[in-house]
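Q: Input: one structure, supplied below.
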Amino acid sequence: MRPRPPVKGRGVFSGTGIIVSALAATLVALLFPLWSYAHRPAAASADVLSAGTVATPYGPLSAVDRDFVTKVRLAGLWELPAGRQAQQKGTTRAVRTAGRHLVAGHVFLDGRVRDVAARLGLGLPNEPTAQQKQWLATLSAARGGEFDRRFANIARLAHGRVFSLVAQVRASTQNTLVRALADDANTTVLDHIRVLEATGLVDFAALAGDLAASAGPSAHSSSGTPVPTVGAGEVVPLTPPASPAYSLPPAASSPPPRTP
Numbered sequence: 721m722r723p724r725p726p727v728k729g730r731g732v733f734s735g736t737g738i739i740v741s742a743l744a745a746t747l748v749a750l751l752f753p754l755w756s757y758a759h760r761p762a763a764a765s766a767d768v769l770s771a772g773t774v775a776t777p778y779g780p781l782s783a784v785d786r787d788f789v790t791k792v793r794l795a796g797l798w799e800l801p802a803g804r805q806a807q808q809k810g811t812t813r814a815v816r817t818a819g820r821h822l823v824a825g826h827v828f829l830d831g832r833v834r835d836v837a838a839r840l841g842l843g844l845p846n847e848p849t850a851q852q853k854q855w856l857a858t859l860s861a862a863r864g865g866e867f868d869r870r871f872a873n874i875a876r877l878a879h880g881r882v883f884s885l886v887a888q889v890r891a892s893t894q895n896t897l898v899r900a901l902a903d904d905a906n907t908t909v910l911d912h913i914r915v916l917e918a919t920g921l922v923d924f925a926a927l928a929g930d931l932a933a934s935a936g937p938s939a940h941s942s943s944g945t946p947v948p949t950v951g952a953g954e955v956v957p958l959t960p961p962a963s964p965a966y967s968l969p970p971a972a973s974s975p976p977p978r979t980p
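Heads up, the sequence shown stops at 980 in this note's numbering, and the numbers go up one at a time, no gaps.
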């Protein structure tokens, strides 16, 4: 019996079948990433990210934004009197200069934060936190060189805690008022950090330990005051206000040597 010749053009292994199979595989490869991305948990977390955010005429206002506004106010409530004490009780020019910077910076920031809060319809605290009151009591009881050291280290610790929050808010906020306030806070806090370090009295080893251990609420923690919801509207661009000019004391370039 003569062998049957192979049947051409039939089955998936024919020329047409191979082309159809390749096209189908390509279509699946294109559609699968889109399907898998739509079903990822991250895509479903948009509602979680927007939780606590309300619309304002200046852009969305998040819970972090509101907490930041409160903390700027709290910072001024204790650092203003602390700066005045440093001006009066500081035994070195660098400490008195640092006190002057704290006063000037927070007079400016307090006016800014009250204006921002009024535009956004937010309530603000009127007294420092318990931790901040304790710091002020410690400074009030200190004299001479002990006051200088306590002032420099307590104030430097507080500014280090809030510095990272300012950066977080500046990087993430969608609200033009809060963004401009974060710009001013960043300039002021960095200036205060530098003049406090210029006293030559900051214990950086102890500071690093305190910052690492402070896993709880920061020194500028919120007072828990309920925040009202404000009305919605279109985003309004904001012209940044002029920030005060700061000059470092002479000790900034050559801090005094520390005595053993």
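Every residue, glycine too, gets a C-beta built ideally from N, C-alpha and C.
Would you kindly check if the distance between the Cβ of Thr-893 and the Cβ of Asp-785 is under 7 Å?
A: Contact: yes.
Q: Roughly how many angstroms lie between the CA atoms of Gly-803 and Glu-866, to the nearest whole one?
A: Gly-803 and Glu-866: Cα-Cα distance of roughly 16 Å.
Q: The alpha helix (DSSP H) with Gln-894 in it runs from where to where?
A: Looking at the DSSP string, Gln-894 is not in any alpha helix (DSSP H), and its letter there is neither H nor E.
Q: Just list the residues that DSSP pairs Leu-781 with in beta bridges.
A: Note: Leu-781 sits in a beta bridge opposite Val-774.
Q: Comparing alpha-carbon positions, which option in Ala-824, Leu-877, Arg-914 and Leu-800 lies nearest Asp-930?
A: Residue Leu-877 is the option with its Cα nearest to Asp-930.
Q: Would Gly-779 and Thr-896 be called neighbours here (beta carbons separated by less than 7 Å)?
A: Contact: yes.
Q: With Val-833 as the anchor, note down where its alpha helix (DSSP H) starts and where it stops.
A: 813-840 is the extent of the alpha helix (DSSP H) around Val-833.
Q: If you count every other CB in all the chains shown that lies within 10 Å of the CB of Glu-847, and 16 or more means buried, which is it?
A: Classification of Glu-847: exposed, given that the 10 Å Cβ count is below 16.
Q: Compare the C-alpha of Thr-790 against each of Gly-841, Ala-818 and Thr-811 and name the closest.
A: For the residues Gly-841, Ala-818 and Thr-811, the minimum Cα distance to Thr-790 belongs to Gly-841.
Q: Just how far apart, CA to CA, sit Pro-801 and Arg-820?
A: Distance between the alpha carbons of Pro-801 and Arg-820: 11 Å.
Q: Identify whether Arg-863 lies in helix, strand or coil by the three-state DSSP scheme.
A: In the structure shown, Arg-863 sits in coil (DSSP, three-state: anything other than H, G, I, E or B).
Q: Gly-810 and Arg-816 - do their beta-carbons sit closer together than 7 Å?
A: Against a cut-off of 7 Å, the Cβ pair of Gly-810 and Arg-816 comes out as a contact.
Q: Does Arg-793 pass the burial test, meaning 16 or more other C-beta atoms within 10 Å, or should it be called exposed?
A: That one is buried.
Q: So what's Gly-796 in DSSP terms, helix, strand or just coil?
A: In the structure shown, Gly-796 sits in a helix (DSSP, three-state: H, G or I).
Q: Quick test of your reading: Leu-859 and Arg-870, contact by CB under 8 Å. State the CB separation rounded to the nearest angstrom.
A: About 6 Å; that satisfies the 8 Å criterion.
Q: Taking the alpha-carbon of Trp-798 as reference, which of Gln-851, Ala-925 and Arg-914 has the nearest alpha-carbon?
A: For the residues Gln-851, Ala-925 and Arg-914, the minimum Cα distance to Trp-798 belongs to Gln-851.
Q: Helix, strand or coil, according to DSSP, for Asn-873 in the structure here?
A: DSSP places Asn-873 in helix when its eight states are reduced to three.
Q: When the Cα of Ala-814 is compared with those of Val-898, Ala-872 and Ser-884, which residue comes out closest?
A: Residue Ala-872 is the option with its Cα nearest to Ala-814.
Q: Could you spell out where the alpha helix (DSSP H) holding Gly-929 opens and where it closes?
A: Its alpha helix (DSSP H) spans residues 924-933.
Q: Closest to Leu-822 by CA distance: which of Ala-861, Arg-890 and Leu-910 is it?
A: Measuring from the Cα of Leu-822, the nearest candidate turns out to be Leu-910.
Q: Could you tell me how far apart the beta carbons of Arg-832 and Leu-921 are, in whole angstroms, since I believe they sit closer than 8 Å?
A: Arg-832 to Leu-921, Cβ: 29 Å. No contact.
Q: Nearest to Ser-782 by CA position, among Val-915, Arg-899 and Val-827, is which residue?
A: Out of Val-915, Arg-899 and Val-827, Arg-899 has the C-alpha closest to the C-alpha of Ser-782.
Q: Which same chain residues, not among the five before or five after Gly-880, have their C-beta less than 6 Å away from its C-beta?
A: Correct list, in chain order: Leu-931.
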